[in-house]
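Protein chains in written order, with this note's numbering: chain E, 40 to 156; chain G, 177 to 292.
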Amino acid sequence: KQEVTQIPAALSVPEGENLVLNCSFTDSAIYNLQWFRQDPGKGLTSLLLIQSSQREQTSGRLNASLDKSSGRSTLYIAASQPGDSATYLCAVTAALASSGSARQLTFGSGTQLTVLP
Amino acid sequence: DTGVSQDPRHKITKRGQNVTFRCDPISEHNRLYWYRQTLGQGPEFLTYFQNEAQLEKSRLLSDRFSAERPKGSFSTLEIQRTEQGDSAMYLCASSLSYRSGANVLTFGAGSRLTVL
C-alpha cells in the first residue's frame with residue numbers, strides 16, 4: 040500500500056526566505072506526483088504536476104523536483120510571501136500495473152506553512 | 177462558473193440523521209471523485225465515477241455511504257445514520273481522462289460535515 044509522508048508537519052519562516060518542503064513515498068511505481076495548496080477550510084488548488092518521466096516542474100516562484108527511484112519530491116518556494124501561508128499537500132498517482140488503479144491519488148498529511156511579515 | 181461546485185458548504189447534523197452532499201463537476205469532465213479529509217490529515221479516496229459508472233470504492237465507504245452519478249453529470253454522496261466519526265470535509269473532484277493517462281484533478285471547495 041502506498042504511503043506518503045511530508046516533513047515537516049509545520050513550518051514558520053520570515054518573509055523573503057527561500058524554503059523547501061519534503062515529500063516521500065514508499066512505492067516508486069508512480070504515474071505522476073502533484074503538489075497542492077489548501078487554504079484553511081477550503082478545497083485544494085493544484086500547483087504543479089510532475090509526470091514520472093520528468094525530474095522537475097517550475098511555475099513562477101515554485102519549483103518541484105522528483106526523484107522516483109528514491110521515492111522523494113521537494114517543493115521549493117523562492118522569496119516567500121505572507122500570501123504563501125497555507126497547507127501544502129503532496130499526492131501521488133500509482134502506476135496501473137502496481138496498484139490496479141491509476142485513478143486515485145494518495146495524499147500526504149501536508150505541511151502547514153506560515154510566512155511571517 | 178467553470179469550477180467544481182459543492183453544496184452545501186457546511187452541514188451540522190445530529191447523530192443518526194441522514195445527510196446528502198451534491199457535487200457539480202466541470203461540465204466536460206467525465207471522471208468524478210469523492211474524497212474525505214479529517215482535520216490535520218490529507219484527503220482519502222472514497223469513490224470514483226467514469227461517466228455514470230461507479231468504478232471503484234474504497235473500504236472507507238461503509239454501507240452507510242452511497243454515491244450516485246445518475247446521468248453522468250452531477251453526483252450525490254449520502255451518509256445514512258450519521259456518526260460523530262463521519263465529521264470531516266468531503267471533497268469532490270473531477271477530471272477529463274486522456275488516452276495518455278494524464279489525469280489532472282480539479283477539486284471543489286468541499287462540504288464540511290459536523291455531527292453532534
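The beta-carbon is built from N, C-alpha and C at its ideal position, and this holds for glycine as well.
Small disclaimer: the values here were computed from a predicted structure and weren't measured.
Secondary structure at D78(E), three-state DSSP: helix, strand or coil? Stepping through the first sequence from its first residue, residue 78(E) is reached at position 39. Residue state, collapsed to three classes: coil.
Considering only residues of the same chain and omitting the five flanking positions on each side of R100(E), which have a CB-CB separation below 7 Å? Residue 100(E) sits at position 61 when you count from the first residue of the first sequence. Excluding positions up to five away in sequence, the list reads I116, A117 and A118.
Chain G partners of K81(E), CB-CB under 8 Å? For this step, residue 81(E) is matched to residue 42 along the first sequence. By Cβ distance, chain G contributes A285 and G286.
Taking G110(E) as the query, report the chain G residues whose CB atoms sit under 9 Å from its CB, ordered along the chain. Mapped onto the first sequence, residue 110(E) falls at position 71. Within 9 Å Cβ-Cβ: nothing; G110(E) doesn't reach chain G, min ~17 Å.
What is the DSSP secondary structure of L292(G), reduced to helix, strand or coil? Here residue 292(G) refers to the residue found at position 116 when the second sequence is read from its first residue. L292(G) falls in the coil class under three-state DSSP.
Are the beta-carbon atoms belonging to V52(E) and A130(E) less than 8 Å from one another? Sequence index remark: in the first sequence, residue 52(E) carries index 13 (1-based). Sequence index remark: in the first sequence, residue 130(E) carries index 91 (1-based). Cβ atoms of V52(E) and A130(E): not closer than 8 Å.
Per-residue burial, A175(G) [other beta carbons within 10 Å of its own, 16 or more giving buried]: This structure gives no information on residue 175(G), because the portion of chain G shown stretches from 177 to 292.
Which residues in the same chain as A136(E) place their Cβ atom closer than 6 Å to its Cβ, once the five residues preceding and following it in sequence are excluded? To locate residue 136(E), count along the first sequence from 1; it is residue 97. Low confidence applies to A136(E): its pLDDT is 44, below 50, so where it sits in the model is not reliable, and the reading given next is rough at best. There are no such residues.
I want to verify the contact list: residues of chain G whose CB lies under 9 Å from the CB of L105(E), in sequence order. Locating residue 105(E) in the first sequence gives position 66, counting from the first residue. Per Cβ cutoff of 9 Å: no residues; L105(E) is ~15 Å from chain G at best.
Could you name the residues of the same chain whose beta carbon sits closer than 8 Å to that of L237(G), not counting the 5 residues immediately before and after it, in chain order? Position 61 of the second sequence, counting from 1, holds the residue named residue 237(G). Result list for L237(G): L222, T223 and A243, in chain order.
Just to confirm my understanding: we take N227(G), look at its own chain, exclude 5 residues before and 5 after, and list those with CB closer than 6 Å. What are they? One-based indexing of the second sequence puts residue 227(G) at position 51. Within the same chain, N227(G) has close Cβ partners N206 and G248.
Taking 8 Å as the threshold, find out whether the stretch 245 to 260 of chain G comes into contact with the stretch 194 to 212 of chain G through three or more Cβ pairs. yes
Look at the alpha carbon of N61(E) and the alpha carbon of L86(E), and state the distance between them as a whole number of angstroms. To locate residue 61(E), count along the first sequence from 1; it is residue 22. To locate residue 86(E), count along the first sequence from 1; it is residue 47. Using only the alpha carbons, I get a separation of about 15 Å.
Which value, in whole angstroms, describes the spacing of the CA atoms of A269(G) and G218(G)? Start at 1 with the first residue of the second sequence, and residue 269(G) comes out as number 93. Start at 1 with the first residue of the second sequence, and residue 218(G) comes out as number 42. Cα to Cα, A269(G) sits roughly 14 Å from G218(G).
Counting only Cβ pairs nearer than 7 Å, list the residues of chain E close to G261(G). Residue mapping note: residue 261(G) aligns to position 85 of the second sequence, counting from 1. Near G261(G) there are no residues of chain E at all, since even the closest Cβ is about 18 Å away, more than 7 Å.
Under 8 Å Cβ to Cβ from L58(E), same chain only, skipping five residues before and after it: list those, please. Locating residue 58(E) in the first sequence gives position 19, where the first residue counts as 1. Closer than 8 Å at the Cβ level, and outside the excluded window around L58(E), lie L50, V52, Y115, I116, S119 and L152.
Residues of the stretch 217 to 241 of chain G in Cβ contact with chain E at a cutoff of 7 Å, in chain order, please. Q217, G218, P219, F221, Y224 and E232
Please decide whether L281(G) counts as near chain E, where near means a Cβ-Cβ distance under 8 Å. Stepping through the second sequence from its first residue, residue 281(G) is reached at position 105. Yes, contact with chain E.
So, F197(G) versus L253(G), is the Cβ gap smaller than 8 Å? Residue 197(G) sits at position 21 when you count from the first residue of the second sequence. Residue 253(G) sits at position 77 when you count from the first residue of the second sequence. Yes, these two residues count as a Cβ contact at 8 Å.
Once DSSP output is grouped into helix, strand and coil, what is the label at G139(E)? If you number the first sequence from 1, residue 139(E) lands on position 100. With a pLDDT of 41 at G139(E), under the threshold of 50, the predicted position of this residue should be treated as unreliable, though the coordinate-derived value follows. Coil, per DSSP.
If you follow the beta strand (DSSP E) that A125(E) is in, where does it begin and where does it stop? Your numbering for residue 125(E) matches position 86 in the first sequence. It spans A125 to A133 - the beta strand (DSSP E) in which A125(E) sits, taken as one unbroken run.
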